[in-house]
Every structure is written in C-alpha cells, then in structure tokens.
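The structure under discussion appears below in the form of structure tokens.
4 protein chains.
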Amino acid sequence: LTAESARVPSASGKRDATRTVHRHDTFTTPEMSIIFSAETRVQRMLDFEAALAKAEARAGVIPAESADAIVSKCRAQLVDVSKLEEEGAAAGAHAIPLVRMLTELVDESARGFVHWGATSQDVVDTALMLQARDAVRVLEEQLSAVGAACLSLAERHRRTPMAGRTLLQHASPITFGLKAAHWLALTTRQIRRLKELHDETIVVQFGGAVGTLAALGDAGMVVADNLAEELGLPLPDLPWHTDRDRVAELVATAGIVSGSMAKIATDVALLTQTEVGEVAEGSSGAHGGSSTMPQKRNPVDAIMAVASARLALGTVPVVFNAMVQEHERSVGGWQSEWAAVPDALSFTAGAVERVRSLLANIEADIERMRINLDMTGGQIAAEALTMALAPRMGRHEAYRLVAAACARADKEKTDLRAVAAQDDKVRGILTLEELERVFDPLSYLGSADAFISSAVARFKEVVEPYPKTT
Amino acid sequence: LTAESARVPSASGKRDATRTVHRHDTFTTPEMSIIFSAETRVQRMLDFEAALAKAEARAGVIPAESADAIVSKCRAQLVDVSKLEEEGAAAGAHAIPLVRMLTELVDESARGFVHWGATSQDVVDTALMLQARDAVRVLEEQLSAVGAACLSLAERHRRTPMAGRTLLQHASPITFGLKAAHWLALTTRQIRRLKELHDETIVVQFGGAVGTLAALGDAGMVVADNLAEELGLPLPDLPWHTDRDRVAELVATAGIVSGSMAKIATDVALLTQTEVGEVAEGSSGAHGGSSTMPQKRNPVDAIMAVASARLALGTVPVVFNAMVQEHERSVGGWQSEWAAVPDALSFTAGAVERVRSLLANIEADIERMRINLDMTGGQIAAEALTMALAPRMGRHEAYRLVAAACARADKEKTDLRAVAAQDDKVRGILTLEELERVFDPLSYLGSADAFISSAVARFKEVVEPYPKTT
Amino acid sequence: LTAESARVPSASGKRDATRTVHRHDTFTTPEMSIIFSAETRVQRMLDFEAALAKAEARAGVIPAESADAIVSKCRAQLVDVSKLEEEGAAAGAHAIPLVRMLTELVDESARGFVHWGATSQDVVDTALMLQARDAVRVLEEQLSAVGAACLSLAERHRRTPMAGRTLLQHASPITFGLKAAHWLALTTRQIRRLKELHDETIVVQFGGAVGTLAALGDAGMVVADNLAEELGLPLPDLPWHTDRDRVAELVATAGIVSGSMAKIATDVALLTQTEVGEVAEGSSGAHGGSSTMPQKRNPVDAIMAVASARLALGTVPVVFNAMVQEHERSVGGWQSEWAAVPDALSFTAGAVERVRSLLANIEADIERMRINLDMTGGQIAAEALTMALAPRMGRHEAYRLVAAACARADKEKTDLRAVAAQDDKVRGILTLEELERVFDPLSYLGSADAFISSAVARFKEVVEPYPKTT
Amino acid sequence: LTAESARVPSASGKRDATRTVHRHDTFTTPEMSIIFSAETRVQRMLDFEAALAKAEARAGVIPAESADAIVSKCRAQLVDVSKLEEEGAAAGAHAIPLVRMLTELVDESARGFVHWGATSQDVVDTALMLQARDAVRVLEEQLSAVGAACLSLAERHRRTPMAGRTLLQHASPITFGLKAAHWLALTTRQIRRLKELHDETIVVQFGGAVGTLAALGDAGMVVADNLAEELGLPLPDLPWHTDRDRVAELVATAGIVSGSMAKIATDVALLTQTEVGEVAEGSSGAHGGSSTMPQKRNPVDAIMAVASARLALGTVPVVFNAMVQEHERSVGGWQSEWAAVPDALSFTAGAVERVRSLLANIEADIERMRINLDMTGGQIAAEALTMALAPRMGRHEAYRLVAAACARADKEKTDLRAVAAQDDKVRGILTLEELERVFDPLSYLGSADAFISSAVARFKEVVEPYPKTT
C-alpha cells in the first residue's frame, strides 16, 4: 500500500451511497465531494501515518516490522469516522482521536511507534495537501475539457462575425471565434497556474511539535526526506505550520480559476438574452425550465457556474486573513482552513464543470449574430470609417466627422453608410467600393485570426495531448 | 398540520442518524445542522405550498377540498430528498422537481391547484426565511446563555482587579468584572439586533413569476395576506425577488454576532497564555490536549470559536456582492445565497456555542491576576499618579514628571512607587498615604462599577426572564 | 525620453507638496471628500477636546476659564495638519501630536487642563463618529433625491408595459413603473436604515485609558453626560473601545446601500444594451463617449456607480474582521478602521451620486419597450395563457399544453397566439376575445399598480416632506 | 463655537485647493504614494502614447516626424492633472481627456496621429502595468531589507533558546533564530513570487477597441511587438481587456505579501506583551507613547503593519470579484481596479516598511526568554521527556506517564523534573545526567540549526547580492 495507491475506492465519479445530501452538493461535483469527504480525509491522515512509519523504518528510527504493523492498519475502513469527527471537533484537533484509534488497532508490539515524532498539524496539513493534489489534478482535467470545447468553438467560428461589445454597447466587429479564443487563453493560463502549484505549493508538512523535529533527534532531516518520497510530495526547506503563504496561493489560484469561469459564464448568459439570442444552452431534458412559465429556456449552467464561482471567491478572504497565525500554532486561523480550503476547491470544481457542460452543449445562432451586427445601421463600423479616413485627414478630424455623421444618422433614423455615401469629404477620400468594404465586418478584424491561432497554439503546448470533445 | 407545527421531528439537538458527517459539522451545532439540512429545507418548501393552498382556499381562489388534499401531502417524508436535490441541482431550481413530486402525490382532483400562482423563487425564498426564523431564534437562545455566563462573571468579579491592557501592554487597572461586562454588553446588543430582524427582515416572499402576482388576477393581495398569516411571517410591502437588502442585513447580523464572539474568544485565549495564566478553559475530559505534548491544556473552545467566526465572516462578502441582481431574477447571485446564508447562520451558531461552553466552564485565577498587576513595579499606576499630581501642576507637566520617573525606575530596575516617594515634587503634593492609594488598583477604577451595573441592567431588560447558568 | 527614464522627477521619497487630487476622487463626491479630509478630521478631534473642556467645566472638574481658553484654540486652522499627519502616522496615534499641539496653543494657565481624563481613542473614535454623523446625513439626502427620481419614474410609467426578465429571459410582462417602484422601495429602506443609525450606532466614545474613566474619579459619568450633550451625540451605556459592533453596523449599512445602488445601476446598464435599448443615460456633453469609437454612448453613470459600490463593498470585510480586538485596545484592527470606515462611506456616496445623476437624466424609450415585448411572438404571455386555461383543466395540464404550443410556435417560427387560436382545447375554453386579452400585457399585471402605490406611500412616509426632482 | 457649528468653512462642495495629505498616507510610504499619484499616472499614460507613436513610426504606420512631435509632448508637466481627473471622472475614462489634451499640445501636422489605433483601455491598463512594475520592484527591495534583518536575527540567535508556543501555550523549546528563520523563509518566498510577476503578469495591454487591433489593419502584430519593446514590458499572446486573471494574480500576490508581514508583526506584538517581554520595538523618539499613560511603550510598527496589511487584504476580494467582466469591456469591475490595485500595492508597501523598521530596530531580551522558558517548571520539556522514555516503553505509554507526572507537578506545585527524578519507571530508563539533558532546551532542538541554514541559503540565492542592514 503506497500513499499514491491509497485512493478511496469509490472515487469513480459516483456519489458515495452512504452519504446523504448536503446543500453544497449543488455547487460542486461528486468526484470533488469524495476527495473532500470525511472518509477520504481520514484515509489521507492514515496515509501520512503509514508513510511516516515507513520513512522512520528506512531511517532506522523504528523497527521495520513495527512499521509494517502500523501500515497494515492505516485504512479508513477500520476507523469509526463519525466518532472520530465528533471527538476531533470536541478536541479541536482530529489527529488526536485518529492517533488514539490507530494505536488501538495496531498490534501491541508496534503500538509504541505510532505517530513517532510527528505533531497533529503534520498529519492534518499533509492530509490536506494530499487532498489538494488530487483536487488540483481533477481541476486540470476539467479545465482541459473546457479548453477543448473553447478550442473547438474558436476554430469553427474563426470567421463568424459578431458584434464586439464594450460597456454593453456595440463597438466594432469581432468573431465568435475570437471570443472563444479569449475563453481558451484564459483557461489555458489557469491550467498552467494549477500545474505550477505542484512544485512549490503542495508540499509535505513535517516539523513536529514546534517545527524543530526535536523528537527525532539527529534523524529529522533523513526521515523528512523519506517521508516526502513515500508520499510523492515535495519537501519544503522548512516546516510551515504558521507560514501559510502556500495555502493562500492554493486558494487564490482556485479563486482565479473560479473568476475565469464566471467570466465565460457571464458572457454566455448575456448572449442568451431574449433580445440578443446569439447562443443558447443545449437542451438536455428538464434543462432550464420554469415552475410557472412554460416557454422558458434558462441558461442554467451559466447561472450555476456563476453561483459556484461566487461561493469559491468567498473562501479567498477567509484563507488570506487566516495567514496571520500566532507563533508556532495558530489560534483559529489555521482551523478555519479546514473548511475553507476544501470549500474553495470544491466550489471551483463546480464552476468548472458547469462551464464545461455549458460549452460542450452550446448552440450558436450565426444568423442572429449577423442580424444583431446590423442593428445599428452600420454604426458598428464607425471606427472602421474613422480609420479609413484618418490617413488623409488625421485621426481626430476623422473622429469628429464620423461622430457628426452618426448623430445625423440617429436624427434622420437612417443608415451611417447612407450618410457617409452622401458626405463630400468622405467621398473625396473613399470610393463607393472602399466604403462598402468599410462596412463589411469581415474586412475589419485586424489580427483576430492571429490571436485565435496564438491561443490555440498555447493551449496545445500546455495540454499535450489535448483532449477531444465529444 | 400548520406551518408552525411542521418542525422536523428530530430537531431535538441530536444529530440526525441518517446523516453522515460533513467537514462543516466541526464549526456548527447539531441543532443548526438540522435546521439547514436538505430534509428540513424540503419540509419548509412544502410548508410554503401548504400555506399557499390554504391561503388561496380562504380567498376562494381554489376549492377548500383541493387545499386540504394538497396540505395532507406536504410532508418531507413523502419525498425522495436525494432525488430532489439531484434534479434541483441540474435544473438550478429545487422548486421545479418539488412541485412535480408534490403534484404526483396529490389526488387527481386537487392536482391542478398545486403551486397555484406562485413562482419557484417564492417557494425557495420563503423556505429560507422560515429556516432563518428558526435559526435566529436559536441564536437568541444561545446568546442569552452566553450573556448569562458573562453576567455571572461580571457580578462575581466586580472587585477583582486585573491589568487593563492596551496594545497588549499593561495600561491601567480594570476589574475582571468590567471585562466580563463588556462581553455582556456586546452580547446583549447582538440579541437585540437579532430580535429586530423579525419585524422587517424575515418576511414572506410572494410575487409570482415577475413580482406582479398576475396569475392571481385581482386576488393577489388577499392571498398574500392570508399566506403571511398562515406562515406567521410578516408580509412586506413589495415582493423582493431581486431586492436583497434584507438578506444582506440578515447575514451582516450573523457576521456581527460572529465578530463579537471572536472578540470574547480572543480575549480569553490571550488570558490563557502561559505567561499570563489568568484564566483557563475548564477541563472536560479530552479537552485541550495535544497528540505529542503531554503537558498541554489548550484553549480549544476559544480557538474553535474564532475559527467558526472567521468562516461565518467569509459568507458576508458573498451575500453582499450577491445583492447586485439582474432585473426580475438573478443570474448567479441569488443562487449563491442558497449555500452562503445557511453557512452564515450555521457557522455563527458554532461560534456562539463555543463561547458559551468557554464561559460556562472558565476558571479564573484571581491570584495570578494580582501577581500580573504587580509585574511592572507600579508603572501600571503611572496614569493614576499623573492624575493625582495634575490638579496641582497641570496634566502635561505631571505627565512629563511621571514619564521621567518611569524611565528612572526602568533604568534603576526599581519600583515606580519608590522613585515617586523620593521625588520632592511628588512629595510636595501627595502624602505617603495618598501615594499608597495611588498605587492601589482598587482605588483607581473610576466608573467601572457603574458600567458593570449598566451592562447587567440592559441585559436583564433585553432578555426577560434571563436564563440561569448551571 | 524613453518610458523607462520617464520617472517622475520627484520620486525621491518626498511627497509632492502641490498634490491636490487623489485617485479615489473619481469614486466619491467633493462633499464627502471634505467630510473625510485630514483637515476636517483634525477639526472633529478638536471639537471633542472643546466639548470635553466644556463638559468638565460644567461638572466642576476644571476651571471654567481654562475651558474657555482651550475652546478658543480648538480650530483646525491653527494646526499644521501635514505635520500632525506625519507625526500621527509615526506614533500610530494622531491624538498624541494633536494634544501636544493644542497644549502648546493654549494659554499657560489653562494648558494643564487640556485632554483631561481622556485617552487617544476617545478623541479619534468620537471624531470618526462626528464625521460619520455628517456623512450619514449626506447619504440620507442623496438617497432622498434618488428616491424622488424613482418615484417620478414609478408614477409616470405606472402603465408603461415592459418585459419582465428572469434569468435574463423574457418571462411575463411588468411595467417600467413597477421596476422603478422596486428601486424606490429599495431606496426607502436604505434611508430608514441610515436614520436608525443615529440612535444606537453613532455615539460618543469616552472611557479614558482602559474604559473606567478612572482619571475623573467620581465625576466620570457626569462628564460623560455633559460631553454627549455638548456634542449632540447619544451616550452609550459603556465605552466601546474594543467592542466594535457599532462600527461594523455602520459599515454594513454603507455596504447595503452600495449594493442597492449597484442593483439599480445594473438594471439600467442592461436596459441600455444596444439590443435592448429601452433606456439611455441622458446626454450631458462629453458623457459616455469613447476615445476611438465615434458612435458610442456609454452608460457611464451606471458603470461608475457599480465601480464605486464594489469599492465600498471591499471595506466591509476589513471592518468585520477588525471587530476582533484585543483586550482594552486593538493591535491593528482598530487602526485599519481609520481608512476603511471613511472609504466605506465615501465610496457609498459616490455610488449614490452616480445613481442619482443616472435616474435624474434617464431617457426611457417606451416604443422600444413595446417592440421588445413582442419579440417572442407572444410567448411572454405563456403564463397568462396557462392561468387562463388552468381553472378549467388544472394548472399542470395547462402548463403542458402551453409548453407544447410554445415548442410548436418555435418549430414553425410562428406566433404563440396563432398556435393557441388553432388549438381545439384552448378554443373550447377561451373565446377569441378572451384569447386577445391574454396576449395584452396590460391585462396581465395583477397587483403591479398596488405595489407601486405601496412603494410610493412608504417613501413619502419615510422622507417627509420628500424632495422634488427638477 | 459649538461642535455642531464647527463645520469646516470650505464645506461648500468645492474641493480644498491646498489639500496635501490623505488619510491613506498613514498606511503606505511616500515612495509608493508617488508611484500611484495622479501625476505619475498621467505620465505613465503619456509613456504609452509616446511608445505607441514610436512603435508605429518604426512599423511605417505613421510618419517618424509625427512620432517625434508626439513624443516631445508626452510630459505630465504639460497637462492640467486636476482638470484631467475631473473630466476623466465625469467621462468614466481618463484616457479620453488625456488624448484630447495631448492632441491639443501636439503640432498641427502631427496631431492626426495621436493615439493611432489604440483604445482607452490600452492606455489605462498599460499605464497601470507600468506603475505596477515600479511598485513591485520597490516591494522587492523593501522585502530584501526585511529579509536581511531577519537573516541577521537568525544568525545572531541561532542558539538563543526561547519557548515554542502552540495555541499560545508553551510547547517545546525553539530558538529565537529559528523564529527569525521562519520570517526569513516567508519573506524570501514573497520576493520570489514578486519576481515571477514580471514574466507573465505585468504585460502590455494593446488590442484596440475590441481586441482585434483592426484599426491597424495588417500592422497590428508588428506595432504590438515594437510597443512592448519600447516600454520594456512583455507582450502577451492576446490582449486581455476583460481577461483579468493577471490583475487578480498581481493583487493576490500583494495580499500574500501583506499577510506574511502581518504574521511577522503579530509574532512580535505578542512577544512585546508586558507578561512576555522578550522583545521590544527600538525607541526612536516619540515612538510608542500614549496620550495619557506616561509609562507606555507600544509596539507601534507592529500594530501599523497589521493595520496596513488588513487594508491591503481588503482589496483582494474587490479585484477577484472584478474578474467577472462583460464581453469586450467591463461594466464596473474594471473601473473598480483603478482604485483597488493601487491601494493593494500601496498598503502592502506600508506593511512591509513597518515590518522593516520593526525588525531593523528590534531589541531582544535574551534573559527574559530564558526566564520565560522556566515558567512551567520544566513542563516545556514534557515532550522531550516522553521521547527520551519512548524507545523503551513505547510512545503512547511514555505519553501517559509524562501526562500523569505533569498533573502531579501541577497539583503539588512542583517541578516536572523533580517529579520525574522521583519516578521509578523514569529512573529505570534514564540516569540523572540523561534527565538533566532532557530538561536543557538547547539539547532538544532537533533540526533547528539546519532549518536556519536552509532559510539563510535560500534567501542568499534569491537576493543576490543580498543587502546589508545598517
């Protein structure tokens, strides 16, 4: 039994049958619920105890047969998790009942070597880091699927023109592919961020009572090395009982991932508005209905992605404030992490999964995009017209001319193109054919295509081989 | 079955046997876990549907026998809660599967009148308000017990001198009773705040699809009145689907209660420091031990109170940010409340319970308080000495003189009293007897006693009859 | 000149003496900037010292002529504010240099009675409360103007039909007046909340060094009463140096006001979208332009209201976390309030002012509202149709029928009304005339009118006489 | 003069022209105030315009002489900053008046090429990034000085024993050097974090109106490359107008730096407590006094570091929530960054500077550390005794024996060492000499020395050559 293989058996994506529902389930995934269940946490604490025993046996600190005896009992199934939770809550330290229960389980000859040289926080923090490692890997996979969906949209809609919207107003044309490329680039950066956590952030905690490893005498550093090896986690330069920048970074990263997902979901929700109608969530049965309005088709995934992300963001200040920890063990800050860190990663997984589902099933209405582009009677091309005139009359003069033309078009309820075509100054610079081109959205996309390619390339670099959408 | 009587049977303070553990349990109470369990939430949604049917029957909107048929099925035990949660999560709206399940349960003749004229959010928000009402009442009771414990300490230690500490430095004397009176006054104000929520904040939600009650034609206002009466909740002037100031106020109040509890807990934790030792948490078995240090007696309740409070505080920005809701139904903000509001109240209950336990079992070491008062060699009386001299030489001159005397005492490692007694200026103003009195902490307490009485009186006013501690 | 070398010359560590603007000015109002300027703060601290001297003279604690001498120097103009700020920052306590400077200003005979019996925090907290009182009054006035603008819209558009939008999708009809009535009710509640702060929340701080008023001997309570009277602020039952629930409530209220304003602003921003176009910000010169797109007319006030509100919301967790204050004087929490509380109120004022300007100049496009109502080919009346059929066939059957009709209309790209008119079941229940009525938005408004009246009445009750918009 | 009438005369709604101080100055440094002053911001925006002109001239997009003419006017001194701020606030976009003012300044021939192809957000974001680059470099230098002070303490106190404190209780011995080494390691990691920002996070913003660079036709990518080169900032793969993960990361990093500083400051504040007295802030004149208590010597730097850090932490949720930005330009989120990002970096600088001052002047009382170590009558060696016995009797049996011995020592008010010396089981395992060693703190430090060396080595690696403290 290595720590790595000690995966809780039911981590198959099915919700654990023995677990009743919790109101947070709506905002996370079954897989993440299992990673952060009380049962898995107990297993991860036992993984620490098992790895510690092996590390100490290898260093000659405890007998090899005692280590074997301890390791053989480090299975969550042997422990009464409810009782452990209750006692742990009372004691304000779950490692205390765990060590007692494990000691009782172990053969008498080996019993004296359980938890040798470690302190409660070593167990609890390392267990959290093992859970975090699993959670971060899950997030990476989830985000790869989001990225794949974005990539697919970016490629498919490279030349699908769409209104670019700034401050919710039509600005200049973009393509739907460029929008998807932004989502892709954002997603790719989050995957990179998560990957970077494995080197410096998700590390072993091992320092003993006050961070000196004094209980191990001269063997502290050797045991620490062995322990890290057993667990497959990096060993940091110092124990970090009250130095919580790593935990803050982990949760900040979850927050940034969540914020990124909420950005994508918000874009989609805005595009689904009745008046916009450029995309819709794919219908999958009961999806998006209303209890009283039969016609409704609500952007459920987008909404729940935003909600989950907001909940994840709520954990960030908790963990950041909890950085201020007293001396060698914290008075409340550390303990608040026990709920806040799992919540951060769980809610983030919920947000990512909703965005994945959203993008995998999205329906784009290309025709509607085109109709919307025409809504302003050509004014979406105002900048294009300005820049077509600018080389001859200067940007600021051209700006004024076009602004006046827009005002006239508004007043006369006519088309900017018509106004421009009748303007002598304009016609002195642009032929009718050139003017036609100015008002063609596909002719005013600048580097959009290059940006899409760049986003696609970067994703393929980071996620190799990148997953296929179905 | 009235809504009021529809309390979930197991709300006795025991944890529901069918519920496995959740990592948040450590930071709340069993009673609050039940109030906010998935099962109770379903019952509260059914309470709404039952009350709605009765309200509509009374208004002649639906037949009385149909209402009876509906009411008879509004029991959570008849519903598959796990399935409802799963479908609700998928739909982003738990009322949709609930209405469907209830419709299926109801006799065919009455089926057509289920959920008449209401919208999903009416059900979900009113259910939350019913849960909030119960939760707030529980908090009031919990805080009354905290207040009673403070009152007892305030009375018992009215004349127990203790160092007043500003910026963690000895300042001037107070009494332990005065410190407890501050905790008491703080607690009393929180009880008052919670009581005020019942009038304007915890109210019925009823507006139909877009807040017009259009589905009820002209009967909307009558049904709304009846509904409020059935539920025993106030009816607000307008539906408030996307006007969330009330929810923000509810959660802000929870946050302020939590912050207040954390203040008390932090004071206690600081007083338990090895070097201070003025109070200790009462030992109750495994309380406060360490997995590796046999001598430890940790202030567990204080620590866990702080941790629970920090988690409650984390919900405040979530709910405040969620106030910004779109048009007639929110895109993510409202949905985030489903987790954040229960969390706010649950974690707050956890904080209050820890402080209650802390204060009910606290052990005060009066002797140690006295020893600590003497630590500075009388310098804690520096202000007392200043003010004794000030009427004759002016406050600022007296300040300078005493500052110099303190510096001399530090340099000569002697007592401020001795330095003062040898100072001609001092002796020109104060007799040795008067000087003696200056250095007696009990003679420099000003209005402390009056403040204690004031805090006690206010508490008794607010909590009548106030509970007894055991 | 390269960018790299473009360092501002004065980057030598000295502060620029001519600086007059601050980046926060964009997010507040000039009036609020003055209330919270360093100069006004000094004046408010001096107000405390003056009131204290008078209070003590009245109680016979200090000579009346000394009080007069002190009062005559309590003018900010006599003080070097820059120097005071610098020394106050160094000392971590602005009252220390203030008391010194004031002492130096006062005639020698009275000098000894300056700051008699008070502590630094008494000065600083009471000054903040005086500033808060002014700020809250300003907010009340600002919100009254917002309310007046809402009231005007609510009355004018009582019968202007508009699409009700849930989850950003057309739901059922409302009126623009009802939407404005919601904004009004929300605003009215905020005014009420602010008014309530004056009784229990914005109070005198006066406790002396450790909250005992020991330096005043037996005269503490009398001086405290007099002081409160002089300042026109209520006296609380106890000093509250480290009991910060009141400050938290003040800032929470600011946060709730800000969140309310952001809700209104967000509604407006969504309505200004190019595809929606139901309202526009009134043009006032340069308002809403773009540096590169001549056609743009951006909802600047709405955007800046949201931005200001978000900044205000950022102060809430700072102040809530700062509630946890140590013993008799806080180690960092209190000090963070010095920036966070003024910021909270200042940013809130910014948000309210932007919303006031927004609503005072808003342009409503009634025709566009009507056009948008028709966008779904009558599906916005799906609930109306359901409820028209429900009395005869049951709500759930009617729901199914109408859902199927909507699907057919979508598929056949036709009107729901046409589909309904051809449906035998529908025609068995509804005449063509009744069907016509179902699809008239003005006939499906339920209690909208009553709700508007209720919101108007409540505002007039709270703001009496309520201000007129211009 | 009543308090009520003491309104500052200029409260007329006009901003005071002579204002030079801002309440935030207390919580930052003069250097940072300059980096984020309105004047510097204008200069940074002009740096963008200058670099843009040069980049476009090099790409042949605009004439070289026009570029020169533009560059020559890109000096903040030529601009009326107050007016720009006022107009920028009104327009919700400071680049609009800036471009207008710059255009007016530039020679007529070149005027038409100002701001060619860019959008307001390109200017504002790139200016912020230039400010951020300067600010981050300043923070790196500040933190290097903090680290140097920590290193000095770590080396000097490698063998200075001190009580290790967990949950504020004496646990096992550490050294003051080890505590300083933790501060050092924490600081080193923050420097590394800041350095990493320069590669991926602090980058050029350049996309034109909607992120396509359409106004530059085919020249977009070349101009972008040139622009990045001119500014000395990296060019990202895509413009990032509404993709704000980088900004979130920047502010999260500031938050983590601040939290780290607050941890150090809190440790120091706790050590300065009257009852602990192991360190004191070095006195520098007025430092740490009280307005009423002459004896006080308050840990002012520590307190103000905590306060500044708390304010910095308040900006994190603002910026994280602001990540959710709409389509191609944000409605309020982006705008809130204009205050929040400078605040984040400014308050962080304040926290770092206070900690630097704190550590540079700290006074350690080695004797008092030793006295405190002895406070528990040897119980601080309880774990040491346990581990000395454990190899022979098992850890859990040893734990029980020592726990009982501690209880006896408490009861009999005697020394643990005495109790142990009289215990037959103990004496059967340990000689008196060995027992002596158990109670010597210097013999129970495990790997402390190695950890110190490791922290020192890592700092020297990261900061090369590392600065000297004075």
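Chains as they are written, first to last, in this note's numbering: chain A, 486 to 955; chain B, 486 to 955; chain C, 486 to 955; chain D, 486 to 955.
For glycine and all other residues, C-beta sits at the position ideal for the given N, C-alpha and C.
What S932(B) touches in chain C, judged by beta-carbon distance under 7 Å, is T697, L698, G705 and M706, going in chain order. Here the alpha carbons of R596(C) and H881(B) stand approximately 8 Å from one another. Taking 9 Å as the cut-off, the Cβ atoms of L590(D) and L569(D) do not count as close. Across the stretch 652-663 of chain A, CB contacts with chain C closer than 7 Å involve L652, L653, Q654, H655, A656 and S657, in sequence order along the chain.
Taking 9 Å as the CB threshold, K896(D) stays off the interface with chain B. Going by DSSP, A540(A) is part of the alpha helix (DSSP H) stretching over A523 to R543. An exposed status is given to I856(B), since fewer than 16 other beta-carbon atoms sit within 10 Å of its beta-carbon.
The DSSP-derived three-state label of E949(D) is coil. No Cβ of chain A is located within less than 9 Å of the beta carbon of W725(B). Taken in chain order, the stretch 555-638 of chain B contains no complete beta strand (DSSP E) segment of 3 residues or longer. Ranked by Cα distance from A883(D), the options G913(D), E897(D), T899(D) and K896(D) are led by G913(D).
Straight-line spacing of the CA atoms in V764(C) and H642(C) works out to 13 Å. The beta-carbon distance between P827(A) and F521(A), rounded to whole angstroms, is 4 Å. This is short enough to meet the 8 Å contact definition. Out of K664(A), A869(A) and V621(A), the CA that lies nearest to the CA of A905(A) is found in A869(A).
At a C-beta separation below 9 Å, A836(D) has no neighbours in chain B, since its nearest C-beta there lies roughly 17 Å away. Boundaries of the beta strand (DSSP E) around Q654(A): Q654 to T660. Here E811(C) is buried. Its C-beta has 16 or more other C-beta atoms within 10 Å. Sequence-distant Cβ neighbours of S551(D) in its own chain, meaning closer than 6 Å and more than five residues away, are A595 and F598.
C-alpha of T588(A) to C-alpha of V816(A): approximately 28 Å in a straight line. Taking all protein chains in view, the Cβ of Q907(A) is surrounded by fewer than 16 other Cβ atoms within 10 Å, so the residue is classified as exposed. Membership of T833(C) in the alpha helix (DSSP H) is indicated by the continuous run G818 to A845.
The stretch 699-715 of chain B makes contact with the stretch 929-949 of chain C, as at least three CB pairs between them are under 8 Å. Using a CB distance cut-off of 9 Å, P802(B) counts as an interface residue toward chain C. As the crow flies, the alpha-carbon of W668(D) is around 8 Å from that of S745(D). For V688(B), the secondary structure class from DSSP, reduced to helix, strand or coil, is coil. At a cut-off of 9 Å between beta carbons, L671(B) contacts chain C. Note on geometry: alpha-carbon atoms of N783(C) and L844(A) lie some 30 Å from one another.
Your pair T673(D) and F944(D) checks out as a contact, with CB atoms roughly 4 Å apart and the cut at 8 Å.
Ranked by Cα distance from A807(D), the first of L798(C), T871(C), A634(C) and E848(C) is L798(C). Counting every other CB atom within 10 Å of its CB across the protein chains shown gives L927(B) a total below 16, marking it as exposed. Between D859(D) and G762(D), the gap from beta carbon to beta carbon reaches 9 Å or more. For A733(D), the enclosing alpha helix (DSSP H) has its first and last residue at D730 to L756.
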